[in-house]
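Here is the structure we will look at, set down as structure tokens.
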Amino acid sequence: MGSTVSPLTELVLPNFDSYLQSLADTLSTTPRQPVSNPTSSFWLSDPPPVFTHQSPTFPTAVDVVIIGSGITGTAAARTLLSNSPDLRVAMLDAREACSGATGRNGGHIKPNSWELFPKLVAIFGREKARKVTEFRMGILDKMIAIADAEGVTEECQIRKVEAVDVYFDAESWATAKSCLGIYLEEFPEEIGKWETYEREEAWQEFDIPHAKGIISGPAGALWPARLIHPILARLLSTHPTFTLDTRTPVTSIAPPDSTISPYVVHTPRGEITATHILHATNGYTANLLPGLTGALLPVRGTMTAQSPPTKILFHRNRSWQFQWDQGYDYLTSLPDRTVMFGGGLRQALTTEIGTVDDSVVNVCTTVHLSGVLPAIGVDTKVQKIWTGIMGFSGDVLPWIGEVPPEISGRRQGTGKEWVAAGYTGEGMCIAWGAAEEVVTRILGVKGGVGVIEEMDVTVERVERAKGLEKLVGMFFG
1 MGSTVSPLTE LVLPNFDSYL QSLADTLSTT PRQPVSNPTS SFWLSDPPPV FTHQSPTFPT
61 AVDVVIIGSG ITGTAAARTL LSNSPDLRVA MLDAREACSG ATGRNGGHIK PNSWELFPKL
121 VAIFGREKAR KVTEFRMGIL DKMIAIADAE GVTEECQIRK VEAVDVYFDA ESWATAKSCL
181 GIYLEEFPEE IGKWETYERE EAWQEFDIPH AKGIISGPAG ALWPARLIHP ILARLLSTHP
241 TFTLDTRTPV TSIAPPDSTI SPYVVHTPRG EITATHILHA TNGYTANLLP GLTGALLPVR
301 GTMTAQSPPT KILFHRNRSW QFQWDQGYDY LTSLPDRTVM FGGGLRQALT TEIGTVDDSV
361 VNVCTTVHLS GVLPAIGVDT KVQKIWTGIM GFSGDVLPWI GEVPPEISGR RQGTGKEWVA
421 AGYTGEGMCI AWGAAEEVVT RILGVKGGVG VIEEMDVTVE RVERAKGLEK LVGMFFG
């Protein structure tokens, strides 16, 4: 069997085996709760009161505890209460509402369906690859409809944009064109939505020097926290059985005493008995589900807010991805033309892999994100820089569904533990649908969104997905 370690990995990590052992030791011994002093995210500036909401009376017994208040947890709460308005639902977050990855990301809704489809075919076969792709393709219209139903379309700035993927090396450009061709052959209804621009065309149309080529097509963008916070506030005002308690970390979960008993969720503010528990903490999931250690890896990402450039290039109706020979960066613009620019993961090398500490910013990433745009002729300056924790899955697919006792380490009672996590940097395209799928299973109703069985949480899948060499290889090709 061939090695998954690339020449690049061997170049930048000559002591690769030692690094993997150090990473394994860190994952097995370091606490994985969110830190209490994260960097300050631009998206969370001037937050509403729900940001720090706590229940006047702490709940003691509920039907469902949701751990996490980002897009996954909020989608789950909204779906649960839409289907069963009297259900007792308690949401807990170690920090503030929507202060994790959803409040720290790039503001993109970009399924990358054309790019991902050929890779999925190679791993899972055509039929399942198509199902996963369709699962992702519908998310933009779904989220626009949700924002409209909640009356926050203008507030959260959700919009359809033209995604512009810029390639600066010939090999990546050739691969991209091949992937797009395979995708359009499988989904002919997408023909006409995507355009390719060779070098000279790319320069003329988009004014990006040095580009080898560009692919453009439909995507979305938004201010994520301004979608989530109003939904949580509405749920609190319209559902007396829903509670939200921020700054309330779950320290442990006690298993049911018997098959007819509930779980006991322990926090510094009290205990809650719960029939069901939904883990919606993505990169932090293994903290309370240690059986997923090594199969779901925390990875630190970096974002910046930069001053509006003189050149009117990055307008609000476009989002951008810059694909370099090593790694990529991504960008959107707000209505006031503030540039939201993130990436630089490759430049940070190993420090971002396996950490849950978003209180610091890597200096190499800072240098990269501060210098890339000026290097391609865009006069911006960094106004704010912050980090956030993503959850990367060892087999690319998210983890959605019931958690077996062998993974949780806890017996089941009248209810079960559930998870929706491991979005591998693409939570805005996956999380809402993942939450809806889990809720249909919790409620035992039909109407799931069509995930494939390979997304289920099984002991066999966890063992296949484990392997730090494979996970680290994602970042170093």
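Per the UniProt record's numbering, the sequence shown starts with residue 1, numbered consecutively.
All residues carry an ideal CB built from backbone N, CA and C; glycine is no exception.
None of the values given here were measured: they were computed from a predicted structure.
Nearest-angstrom Cα separation, counted from residue j out to residue i
{"i": "S258", "j": "S22", "result": "39 Å"}
{"i": "P308", "j": "D63", "result": "48 Å"}
{"i": "C179", "j": "W194", "result": "12 Å"}
{"i": "E201", "j": "I208", "result": "10 Å"}
{"i": "E115", "j": "A176", "result": "7 Å"}
{"i": "Y183", "j": "G394", "result": "24 Å"}
{"i": "K466", "j": "E198", "result": "40 Å"}
{"i": "P56", "j": "R32", "result": "28 Å"}
{"i": "D169", "j": "L92", "result": "45 Å"}
{"i": "G192", "j": "E162", "result": "13 Å"}
{"i": "P442", "j": "D329", "result": "Here the sequence assigns Ile to residue 442, which means Pro is not the residue at that position. Going by the C-alpha atoms only, they are around 37 Å apart."}
{"i": "I385", "j": "A305", "result": "6 Å"}
{"i": "H266", "j": "E134", "result": "39 Å"}
{"i": "I452", "j": "P188", "result": "23 Å"}
{"i": "A145", "j": "V439", "result": "19 Å"}
{"i": "L297", "j": "I215", "result": "30 Å"}
{"i": "G70", "j": "A77", "result": "11 Å"}
{"i": "T458", "j": "P290", "result": "14 Å"}
{"i": "Y284", "j": "E205", "result": "42 Å"}
{"i": "A274", "j": "P59", "result": "10 Å"}
{"i": "V462", "j": "L20", "result": "18 Å"}
{"i": "I272", "j": "T196", "result": "55 Å"}
With 16 other Cβ atoms within 10 Å as the buried cut-off, status of residue i
{"i": "V367", "result": "exposed"}
{"i": "P262", "result": "buried"}
{"i": "K110", "result": "buried"}
{"i": "Q323", "result": "buried"}
{"i": "S408", "result": "buried"}
{"i": "H315", "result": "exposed"}
{"i": "V419", "result": "buried"}
{"i": "K381", "result": "exposed"}
{"i": "E96", "result": "buried"}
{"i": "T251", "result": "exposed"}
{"i": "H210", "result": "exposed"}
{"i": "S333", "result": "buried"}
{"i": "D245", "result": "buried"}
{"i": "I260", "result": "exposed"}
{"i": "N362", "result": "buried"}
{"i": "Q321", "result": "buried"}
{"i": "G181", "result": "exposed"}
{"i": "residue 484", "result": "In this structure the chain extends from 1 to 477, so residue 484 is not present and cannot be described."}
{"i": "T414", "result": "exposed"}
{"i": "V152", "result": "buried"}
{"i": "Q383", "result": "exposed"}
{"i": "E436", "result": "buried"}
{"i": "V445", "result": "exposed"}
{"i": "N37", "result": "exposed"}
Candidates the options: closest to residue i by CA position
{"i": "S370", "options": "V396, A61 and L331", "result": "L331"}
{"i": "M428", "options": "T251, I376 and R136", "result": "R136"}
{"i": "T26", "options": "P224, G217, I277 and A286", "result": "A286"}
{"i": "R126", "options": "E185, N105 and W173", "result": "E185"}
{"i": "L232", "options": "T74, V164, D245 and I215", "result": "T74"}
{"i": "residue 481", "options": "G270, T196, A431 and P47", "result": "The structure shown does not extend to residue 481, since the chain spans only 1 to 477, so no value can be given for it."}
{"i": "P335", "options": "N317, T246 and P290", "result": "N317"}
{"i": "L373", "options": "T52, W386, V166 and G217", "result": "V166"}
{"i": "L219", "options": "D148, E150, A174 and D141", "result": "Checking the sequence shown, residue 219 turns out to be Ala, not Leu. Nearest option by C-alpha distance: D141."}
{"i": "G68", "options": "A145, C98, M303 and I272", "result": "C98"}
{"i": "P230", "options": "N37, C156 and T60", "result": "C156"}
{"i": "H279", "options": "E402, A295 and L397", "result": "E402"}
{"i": "S113", "options": "K160, K212 and G217", "result": "G217"}
{"i": "E154", "options": "P59, A434, L397 and L222", "result": "L222"}
{"i": "L40", "options": "C364, P118, K160 and M303", "result": "First, the residue type needs correcting, since residue 40 is Ser and not Leu in the sequence shown. That would be M303, whose Cα lies nearest to the Cα of S40."}
{"i": "G341", "options": "L227, G107 and R226", "result": "Per the sequence shown, residue 341 should be read as Phe rather than Gly. The shortest Cα separation from F341 among L227, G107 and R226 belongs to G107."}
Residues near residue i by beta carbon distance below 6 Å, same chain, minus five either side
{"i": "R464", "result": "none"}
{"i": "I277", "result": "V65, Y263 and E417"}
{"i": "T355", "result": "R300"}
{"i": "S388", "result": "Note on identity: in this sequence residue 388 is Gly, with Ser being the wrong assignment. Cβ within range, chain order: A101, R104, G301 and D358."}
{"i": "F392", "result": "L297, V299 and T424"}
{"i": "A149", "result": "none"}
Same chain, Cβ closer than 8 Å to residue i, neighbours up to 5 away in sequence not counted
{"i": "E171", "result": "D325"}
{"i": "G2", "result": "Low confidence applies to G2: its pLDDT is 37, below 50, so where it sits in the model is not reliable, and the reading given next is rough at best. There are no such residues."}
Same chain, Cβ closer than 7 Å to residue i, neighbours up to 5 away in sequence not counted
{"i": "R411", "result": "P255, P256 and P405"}
{"i": "L81", "result": "L87, V89, L235, H239 and F242"}
{"i": "E352", "result": "V299, R300, L345 and N362"}
Interface flag, residue i vs chain B, CB-CB below 7 Å
{"i": "T60", "result": "Although the question refers to chain B, the structure presented lacks it and comprises just one protein chain."}
Can you list, in chain order, the stretches of the beta strand (DSSP E) that have 3 or more residues and sit fully within the segment 240-287?
Counting only runs of 3 or more, we get 242-245, 252-254, 263-267 and 270-279.
Any alpha helix (DSSP H) of 4 or more consecutive residues that is wholly inside the segment 170-246:
170-186, 199-206 and 225-238
Taking only runs that begin and end inside the segment 363-427, name each unbroken alpha helix (DSSP H) of 4 or more residues, in chain order.
Counting only runs of 4 or more residues that sit fully inside the segment 363-427, the alpha helix (DSSP H) segments are 363-375 and 405-408, in chain order.
Could you tell me which uninterrupted alpha helix (DSSP H) segments, each at least 4 residues in length, are contained entirely in the segment 103-142, listed from first to last along the chain?
113-124 and 126-137
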